[in-house]
Ligand code: NI
């Protein structure tokens with residue numbers, strides 16, 4: 016099942032997501048999230064982006080660079096993830112987000128991340144990532160904390176983007192995938 020992707024401006028994107036109860040079967044949900052992510056040509060998708068404020072995100076970063084061996088095996092679901100440590104020098108990368116179509120901006124983040132999480136069989140893992148894989152993890156993890164990449168931008172950059180962000184929240188934006196807009200949801204009485 017392909018979910019519509021929640022657009023910038025929806026309160027679910029600003030919420031701290033809730034832990035998932037250990038042992039909960041989320042396999043179908045994870046499969047649907049991958050399908051939704053691939054349909055939108057994304058490399059990461061967090062549950063709040065499909066309207067669910069729970070601590071789960073999926074990623075598959077291989078499309079970011081087919082030549083990069085480290086990215087070819089990054090198809091994973093992260094359940095109840097905890098970032099244990101972020102190390103290394105901060106570097107800039109131009110990020111985008113399926114919830115904020117058409118906008119990209121440079122964000123500085125530490126180079127390496129150590130993350131603890133459960134897979135869909137509820138086995139625990141602790142892994143370290145760097146480069147683009149770390150970047151995707153940091154971005155998706157932020158979604159579970161109610162943080163968007165636009166939150167890191169300078170006041171000036173934010174002011175420059177303000178009208179476009181407002182347009183997105185009103186549904187005045189083109190995307191190649193189905194989205195759910197907060198203003199439209201309110202009009203329809205859906206919450
Ligand atoms: Ni995002």
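Residue numbers (the working numbering): 16 to 206. We treat Cβ as the ideally placed atom computed from N, Cα and C, and that holds for glycine.
CA-to-CA distance, residue 152 to residue 102, given in whole angstroms:
Locating residue 102 in the chain shown gives position 87, counting from the first residue. Locating residue 152 in the chain shown gives position 137, counting from the first residue. Rounded to the nearest angstrom, the two C-alpha atoms are 14 Å apart.
State the Cα-Cα distance for the pair residue 180 and residue 140, rounded to the nearest angstrom.
Residue mapping note: residue 180 aligns to position 165 of the chain shown, counting from 1. Residue mapping note: residue 140 aligns to position 125 of the chain shown, counting from 1. Their Cα atoms are separated by approximately 37 Å.
What separation, rounded to the nearest whole angstrom, lies between the Cα atoms of residue 39 and residue 93?
Sequence index remark: in the chain shown, residue 39 carries index 24 (1-based). Sequence index remark: in the chain shown, residue 93 carries index 78 (1-based). The straight-line gap from Cα to Cα measures roughly 14 Å.
When you measure from the CB of residue 68 to every non-hydrogen atom of the ligand NI, does any distance come out below 8 Å?
Here residue 68 is taken as the residue at index 53 of the chain shown, counted from 1. Not so, every heavy atom of the ligand NI lies at least 8 Å from the Cβ.
For residue 30 and residue 95, what's the separation of their Cα atoms in angstroms?
The count along the chain shown starts at 1 and reaches residue 30 at position 15. The count along the chain shown starts at 1 and reaches residue 95 at position 80. Computed Cα separation, rounded: 15 Å.
Using C-beta distances below 8 Å, list every residue in its chain close to residue 35, excluding the 5 sequence neighbours before and after it, in chain order.
Residue numbering aside, residue 35 sits at position 20 when the chain shown is read from its first letter. Contacts found: 41, 69, 70, 71, 94, 95.
Using 9 Å as the threshold, is the C-beta distance between residue 78 and residue 56 below it?
Within the chain shown, numbered from 1, the residue matching residue 78 stands at position 63. Within the chain shown, numbered from 1, the residue matching residue 56 stands at position 41. For residue 78 and residue 56, yes; Cβs fall inside 9 Å.
Would you mind stating whether residue 108 and residue 121 have Cβ atoms separated by less than 9 Å?
The residue given as residue 108 occupies position 93 in the chain shown. The residue given as residue 121 occupies position 106 in the chain shown. Contact flag set, yes.
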